[in-house]
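Just below is one structure, and these are the notes that go with it.
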Amino acid sequence: MTTTPPAPPKTRTIMRPATVRKSTNPAATWGPPVAVFVGFLLVWYAVSYLILDEKRRFLVPPPHEVLAAFFDPKVFGEIMLALSRTTFVALIGLAIAIVIGVGWAVAMSQAKWVERSLYPYAVVLQCIPILALVPLIGFWFGFDYPARIIVCVMIALFPMVSNTLFGLQSVDRGQRELFQLQRAGRWTVLTKLEFPAALPAIFAGMRISAGLAVVGAIVGDFFFRRGDPGLGSLLSTYTSRLQSAELFAAIIVAALLGVVIFAIFGWIGKRVVGRWYDFSAN
Amino acid sequence: MSIATPVAPTTKTDQLLHFDDVAMTFPNGTTALSGVSLTVNRGEFVTVVGPSGCGKSTLLRIASGLTPATEGVTQVDTTRIGYVFQDATLLPWRDVQSNVELLAELNGIPKKQRAATAKDAIDLVGLSGFEKHLPKTLSGGMKMRTSLARSLTLDPELFLFDEPFGALDEITRERLNDELIKLFTEQQFAGLFITHSVSEAVYLSTRVIVMSGRPGKIVDEFPVEFPFPRDPEIRFTAEFAELCGKVSHALREGHS
Ligand SMILES: Nc1ncnc2c1ncn2[C@@H]1O[C@H](COP(=O)(O)OP(=O)(O)O)[C@@H](O)[C@H]1O
Ligand SMILES: [Mg+2]
Numbered sequence: 001m002t003t004t005p006p007a008p009p010k011t012r013t014i015m016r017p018a019t020v021r022k023s024t025n026p027a028a029t030w031g032p033p034v035a036v037f038v039g040f041l042l043v044w045y046a047v048s049y050l051i052l053d054e055k056r057r058f059l060v061p062p063p064h065e066v067l068a069a070f071f072d073p074k075v076f077g078e079i080m081l082a083l084s085r086t087t088f089v090a091l092i093g094l095a096i097a098i099v100i101g102v103g104w105a106v107a108m109s110q111a112k113w114v115e116r117s118l119y120p121y122a123v124v125l126q127c128i129p130i131l132a133l134v135p136l137i138g139f140w141f142g143f144d145y146p147a148r149i150i151v152c153v154m155i156a157l158f159p160m161v162s163n164t165l166f167g168l169q170s171v172d173r174g175q176r177e178l179f180q181l182q183r184a185g186r187w188t189v190l191t192k193l194e195f196p197a198a199l200p201a202i203f204a205g206m207r208i209s210a211g212l213a214v215v216g217a218i219v220g221d222f223f224f225r226r227g228d229p230g231l232g233s234l235l236s237t238y239t240s241r242l243q244s245a246e247l248f249a250a251i252i253v254a255a256l257l258g259v260v261i262f263a264i265f266g267w268i269g270k271r272v273v274g275r276w277y278d279f280s281a282n
Numbered sequence: 001m002s003i004a005t006p007v008a009p010t011t012k013t014d015q016l017l018h019f020d021d022v023a024m025t026f027p028n029g030t031t032a033l034s035g036v037s038l039t040v041n042r043g044e045f046v047t048v049v050g051p052s053g054c055g056k057s058t059l060l061r062i063a064s065g066l067t068p069a070t071e072g073v074t075q076v077d078t079t080r081i082g083y084v085f086q087d088a089t090l091l092p093w094r095d096v097q098s099n100v101e102l103l104a105e106l107n108g109i110p111k112k113q114r115a116a117t118a119k120d121a122i123d124l125v126g127l128s129g130f131e132k133h134l135p136k137t138l139s140g141g142m143k144m145r146t147s148l149a150r151s152l153t154l155d156p157e158l159f160l161f162d163e164p165f166g167a168l169d170e171i172t173r174e175r176l177n178d179e180l181i182k183l184f185t186e187q188q189f190a191g192l193f194i195t196h197s198v199s200e201a202v203y204l205s206t207r208v209i210v211m212s213g214r215p216g217k218i219v220d221e222f223p224v225e226f227p228f229p230r231d232p233e234i235r236f237t238a239e240f241a242e243l244c245g246k247v248s249h250a251l252r253e254g255h256s
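Here's what the structure looks like:
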C-alpha cells in the first residue's frame, strides 16, 4: 500500500528534558566550589605577600586582615546598618520595578500599537547610561531614599519589561486558539492563559532584576553620599580614607547581598512554578 | 450558527456541517483550498486524507470559525463544536481535572457543575485516578485522552479532529482509535477527522474523503460500510485491504 509518506510529527520543544544531576554525595556537590574558594584565597595571599611589598600591601590587604576589620565591632556595626538600608532600598526598588515592569509589558502585549509606542522607551532605558542621570535624579528628587529608590528602579526595570513581554508573547498558538474557540475575552486570556504561561519568564526576569536592584541601591547612594549611609556611601567613604581592609569587607558584604537576593528569587520562582516548569532546562 | 456570508438556510435537520464551494486564499497569496463542497450529517464520521500542506487543517479551522473562508458558504448548524488539535494543547500548570474543566470554565459554568462534567469525561476516556496529575507526568497517549476529555465536556454535536493521533506510536494510536469509535457510538456526535494514515481513515469512518495536493480539492470519496462498533479484526480482512488500496490509489492520482 502506497500512501504519501507521513509527515514527521511536529515536535515543539516546550522544555528540554531535565538533565538530572542530583548527586547524593556531599563531597561531590561541595568539593569543587570549596576547592575553588581555597585556590582563590591562596592567590589572594600570594598577591598580598608575594607581589605587593609592604608599602603597597594596602591595595590588596590579605584575607585575615579583611576578616579582622569586618569583626571590629565599630566597623561591623557600620556595615550592618548600611547593609540594612541598602537592602531596604533594593527591595523597595525591586518591588516597584516588578510592578511597573509587569504592568508595562502587559500593556504592550494587549495591542501591537501600544508595543510599538512603548517598547523603544524600554530599550532607551536600557541603553542610556543611568550613571549619567544619577546626579540629575539627585537634583530633582533630593538626595535621600526616594532618589536612591528611583535610581534602583531605573536600573532594575528593563529585564522585568523584556522578560514579561517575552513570556506573554510566547504562548503556544494552539492554546490561544483553544481560548479563542470559546470566545474568551481579553481579560480571561490574560489571566488564565498569558499570565500563567509567562510566569517562568517573569521569575527569570525577577532574578536578574534582583541582582541589578542591589547594584542600583548601591550606585545612587555611592554618588549622593547624603542622608543615612548605605553600603554605597560606606564604600565611598572607605575609599576616600584609604581604609582598604574595611573597603574589602564592605565589597564582600555587597556581593553577598546580591547573591542572596538572587538566590531568594530563584527559590521563590521554583516554589511558584517549579511544580510544572523545569527551570533546570535553561 | 452560521459562519461567513452569505448564510444559506438550513435544509436538513440532520446536517451539522456544510461547505459549499469553499475556497481559501491567504493574504500572502497561498491558495490552500479551492471549490470544496462537503456535508457532514449527524451520525456520520467523515475522515479526510490528503497530502501534507493541501489545506486539511485550514478546512477544520474554517469549520470551527477560527479562520473565515475567502469564498463559498460555510454552514455550521450547532454551537457545540469539539476541536481536538494535533498537539494536546494542555495548560502545563493545570492538572488533568483542571485542564478538562477549562472549556466549561471559559463558558462560565459554575464550579460544581463543571467539576462533575469533567469527572464524567475523564471516566469516559479512561483516565480516572489521574485527575491530580500534571501534563508533564503524562504519556503522549494520556495527554491526548485528556485533550479528548476536555472537548467532550462541551457535549459536542460536531467533533473536529486535526490529526490527533499523528504523533503517537502505533499501538497507542490503535487503542485510541477503538476508544474513539466507542465514544462515537455512545455520544452520537458527527465527526470530521483529518489523518495521514489511510488505514486509520478507513477503520474509523463512515466515509473517506480524499483531497488533492495544494490547492486542496476533493478528488474522491469512499463510503465505508463496516458496521459499528468496529471489530479490530476487520483490519486484516480482504475488504479492508481493498478499500485501503483504493483510497491510496486515489491519493496518488490526486497528488500527481
Ligand atoms: N496563515 C497562513 N498564511 C499563509 N499560508 C498559510 C497559512 N496557514 C496555512 N497556510 C498554507 O496553506 C497550506 C495548507 O495548510 P494546512 O491547512 O495547514 O495544510 P495541511 O493541514 O493539509 O497539512 C500550506 O501550504 C500552508 O503553508
Ligand atoms: Mg495540518
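Taken in sequence, the protein lines are chains A and B. Going by UniProt numbering, the residue at position 225 of the first sequence is 225; the numbering climbs one at a time, nothing skipped. Going by UniProt numbering, the residue at position 70 of the second sequence is 70; the numbering climbs one at a time, nothing skipped. The C-beta atom is built at its ideal place from N, Cα and C for all residues, glycine as well. Computed from a predicted model, the values in this text were never measured in an experiment.
With distances taken between CB atoms, is the gap from residue i to residue j smaller than 8 Å?
i	j	result
H255/B	S197/B	no
W104/A	A122/A	yes
L127/B	R145/B	yes
L243/B	V210/B	no
L134/B	W276/A	yes
S109/A	Q182/A	no
A198/A	G167/A	yes
G72/B	D21/B	yes
I181/B	F236/B	no
V227/A	I218/A	According to the sequence provided, residue 227/A is Gly. The question's Val does not apply to it. For G227/A and I218/A, no; Cβs fall outside 8 Å.
A238/B	V40/B	no
L178/A	T74/B	no
V214/A	G258/A	yes
V253/A	I79/A	yes
A156/A	L212/A	yes
Determine the closest residue to residue i out of the options, with distance taken between C-alpha atoms.
i	options	result
F203/A	V102/A, L131/A and G174/A	V102/A
E105/B	G274/A, L193/A and G216/A	L193/A
W267/A	R207/A, R85/A and E115/A	R207/A
F265/A	P33/A, D72/A and A95/A	A95/A
A46/A	T239/A, P73/A and P63/A	P63/A
F19/B	T25/B, A63/B and C54/B	A63/B
V53/B	K246/B, D21/B, V22/B and P215/B	Here residue 53/B turns out to be Gly, not Val, going by the sequence shown. Comparing Cα-Cα distances from G53/B to each of K246/B, D21/B, V22/B and P215/B, the minimum goes to P215/B.
F195/A	L181/A, F88/A, A210/A and Q175/A	Q175/A
T47/B	E233/B, I218/B, E239/B and E253/B	I218/B
residue 288/A	A111/A, G205/A, A132/A and S48/A	Summary: the structure shown does not reach residue 288/A, with chain A confined to residues 1 through 282, and so no result is reported for it.
E179/B	F226/B, L158/B, M142/B and R207/B	M142/B
S139/B	T172/B, E186/B, F184/B and E225/B	T172/B
I98/A	F71/A, A201/A, C127/A and A249/A	A201/A
C127/A	P159/A, R116/A and A27/A	P159/A
G245/B	L124/B, P232/B, E200/B and L16/B	E200/B
So does residue i have its beta carbon nearer than 7 Å to some heavy atom of ligand 3?
i	result
S52/B	This structure does not include ligand 3; its bound ligands are ligand 1 and ligand 2.
With a threshold of 6 Å on Cβ separation, who are the neighbours of residue i within its own chain once the five nearest residues in sequence on each side are excluded?
i	result
W44/A	P63
G230/A	A82, R85, T86 and D221
L176/B	F165
I194/B	V48, K56, D162 and E163
T154/A	The displayed chain sequence assigns Met, not Thr, to residue 154/A. Correct list, in chain order: I130.
I92/A	I149
Hey, quick one: how far does the beta strand (DSSP E) through residue i stretch, first residue to last?
i	result
S170/A	Where S170/A is concerned, there is no enclosing beta strand (DSSP E), given that its DSSP letter is neither H nor E.
H196/B	Taken as a continuous stretch (DSSP letters only), H196/B belongs to no beta strand (DSSP E), as it is neither H nor E.
S37/B	T31 to N41
G72/B	E71 to V76
Give me, in chain order, the residues of the same chain whose beta-carbon lies closer than 8 Å to that of residue i; leave out the 5 immediate sequence neighbours on both sides.
i	result
Q97/B	A115, A118, K119, I122, E131 and K132
L251/B	V49, G50, P51, V198 and V210
P135/A	F223
L59/A	L52 and S244
A263/A	none
Check for me: the alpha helix (DSSP H) holding residue i runs from which residue to which?
i	result
V84/B	Where V84/B is concerned, there is no enclosing alpha helix (DSSP H), although the beta strand (DSSP E) it sits in stretches over I81 to V84.
Q97/B	V96 to L106
residue 293/B	Because chain B spans 1 through 256 in this model, residue 293/B falls outside it and cannot be assessed.
D220/B	Careful: D220/B lies outside any alpha helix (DSSP H), inside the beta strand (DSSP E) at I218 to P223.
L127/B	That residue, L127/B, is in no alpha helix (DSSP H); it is neither H nor E in DSSP.
I251/A	S244 to V273
Taking 7 Å as the limit between beta carbons, can you name the residues of its chain near residue i, skipping five residues before and five after?
i	result
L154/B	R80, G82 and L103
R12/A	Note that R12/A scores 45 on pLDDT, short of 50, meaning its location in the model is unreliable; the coordinates nonetheless yield the value given after this. Once the five neighbours on either side are set aside, R12/A has no close Cβ partner at all.
L242/A	F58
L247/A	L235, Y238 and T239
residue 309/A	For residue 309/A there is no data in the structure shown, the boundaries of chain A being 1 and 282.
T25/B	T31 and T70
G39/A	none
A250/A	I79, L231, L234, L235 and Y238
If you measure from each residue's Cβ to the nearest non-hydrogen atom of ligand 2, which ones come out under 7 Å, in chain order?
Spelled out in chain order, the answer is K56/B, S57/B, Q86/B, D162/B, E163/B and I194/B.
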